[in-house]
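*Asks:* What follows is a single structure, and I will ask about it in a moment.
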Amino acid sequence: AQTVTQSQPEMSVQEAETVTLSCTYDTSENNYYLFWYKQPPSRQMILVIRQEAYKQQNATENRFSVNFQKAAKSFSLKISDSQLGDTAMYFCAFMKRGGDDKIIFGKGTRLHILP
Amino acid sequence: GAVVSQHPSWVICKSGTSVKIECRSLDFQATTMFWYRQFPKQSLMLMATSNEGSKATYEQGVEKDKFLINHASLTLSTLTVTSAHPEDSSFYICSARWSGRVGHTDTQYFGPGTRLTVL
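Protein sequence lines correspond, in order, to chains Z and R. Taking our numbering, the leading residue of the first sequence gets 436, the next gets one more, and so forth. Taking our numbering, the leading residue of the second sequence gets 226, the next gets one more, and so forth.
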């Protein structure tokens, strides 16, 4: 069975700083996806970034980038030039490719961006 | 593109009544939709997988007679909480898989959620 672990329940950082959220996962699969979802106070789940396991290149989306270490089963999210609107709960998630499409979520990291 | 709506956004009902929550993919077809439950300050817990034209697949521990799921079309899935009780109060979220989107076949898009309060 797959598991996703986020070891940082809560983090705070000053606006404009860079912050890294950690995520590790465990799987015996070789072909899968990893995601970071953001859930702001509105509770709408928003896809931040997605990484396909077979791609060595780390995914980036504007100020968001990941450090994907497949051998170490690590998938951290870096937010550069953090903004107040980045305040949210961030969930790391795993999905087996070509499987039943079930997403396995970590417990989340609550991120506060301080003015 | 890839907008998923839920209706209602919040509902309050009396214990013993049934409540229906709709999940719609507005600009794409979704052969598969998912229903999650989220308690305050916790992660999302998958309840069931809804497949268009077939029976839903429930996760272990989820009562299928309690949480009825119907996926009647490629854009609509409904979750009915039958004989609701206060312990069913929660935030319910659906997601839809855009099966035909090039490059994003396996990405799920989430609805805004429905807050259910059972008195």
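Yeah, the Cβ is synthetic: ideal placement off N, Cα and C, and Gly gets one too.
Rounded to whole angstroms, what is the Cα-Cα separation between Z/R532 and Z/Y468?
*Replies:* Indexing the first sequence from 1 puts residue 532 of chain Z at position 97. Indexing the first sequence from 1 puts residue 468 of chain Z at position 33. Distance between the alpha carbons of Z/R532 and Z/Y468 is about 6 Å.
*Asks:* Below 8 Å on the Cβ atoms is my guess for Z/Y525 versus Z/L546; work out the distance and round it to an integer in Å.
*Replies:* Counting from 1 along the first sequence, the entry for residue 525 of chain Z is found at position 90. Counting from 1 along the first sequence, the entry for residue 546 of chain Z is found at position 111. So it is a contact: roughly 6 Å between Cβ atoms.
*Asks:* Should R/I237 and R/T342 be called a contact, given that it needs their Cβ atoms to be closer than 7 Å?
*Replies:* Stepping through the second sequence from its first residue, residue 237 of chain R is reached at position 12. Stepping through the second sequence from its first residue, residue 342 of chain R is reached at position 117. Yes, they are a contact pair.
*Asks:* What residue does the beta strand (DSSP E) around R/S315 start on, and which one ends it?
*Replies:* Position 90 of the second sequence, counting from 1, holds the residue named residue 315 of chain R. S315 to R322 is the extent of the beta strand (DSSP E) around R/S315.
*Asks:* Below 7 Å between beta carbons: does that hold for Z/A528 and Z/Q474?
*Replies:* Taking the first sequence and counting its residues from 1, the one referred to as residue 528 of chain Z is at position 93. Taking the first sequence and counting its residues from 1, the one referred to as residue 474 of chain Z is at position 39. It is not a contact, given that the beta carbons lie outside the stated cut-off.
*Asks:* Which class does Z/L519 belong to by DSSP, given the choice of helix, strand or coil?
*Replies:* What you label residue 519 of chain Z is simply residue 84 of the first sequence in a count that begins at 1. Helix, per DSSP.
*Asks:* Count the CB pairs spanning the region 296-303 of chain R and the region 436-443 of chain Z that are closer than 8 Å, and state whether there are at least three.
*Replies:* With a cut-off of 8 Å, the region 436-443 of chain Z and the region 296-303 of chain R do not count as touching, because too few Cβ pairs lie within range.
*Asks:* Quick one: is R/Q231 buried, meaning 16 or more other Cβ sit within 10 Å of its Cβ, or exposed?
*Replies:* In the second sequence, the residue the question calls residue 231 of chain R occupies position 6. Under this definition R/Q231 is a buried residue.
*Asks:* Is the region 452-459 of chain Z close to the region 247-263 of chain R, with three or more CB pairs under 8 Å?
*Replies:* Touching, no.
*Asks:* Candidates Z/K490, Z/Q449, Z/S457 and Z/L482: which alpha carbon is nearest Z/N387's?
*Replies:* One cannot answer for residue 387 of chain Z here, as it falls past the ends of chain Z, which runs 436 to 550.
*Asks:* Excluding sequence positions up to five away, which residues of its chain have a Cβ less than 6 Å from the Cβ of R/V337?
*Replies:* Start at 1 with the first residue of the second sequence, and residue 337 of chain R comes out as number 112. Here the sequence assigns Pro to residue 337 of chain R, which means Val is not the residue at that position. Cβ neighbours of R/P337 beyond the five flanking positions: Q231.
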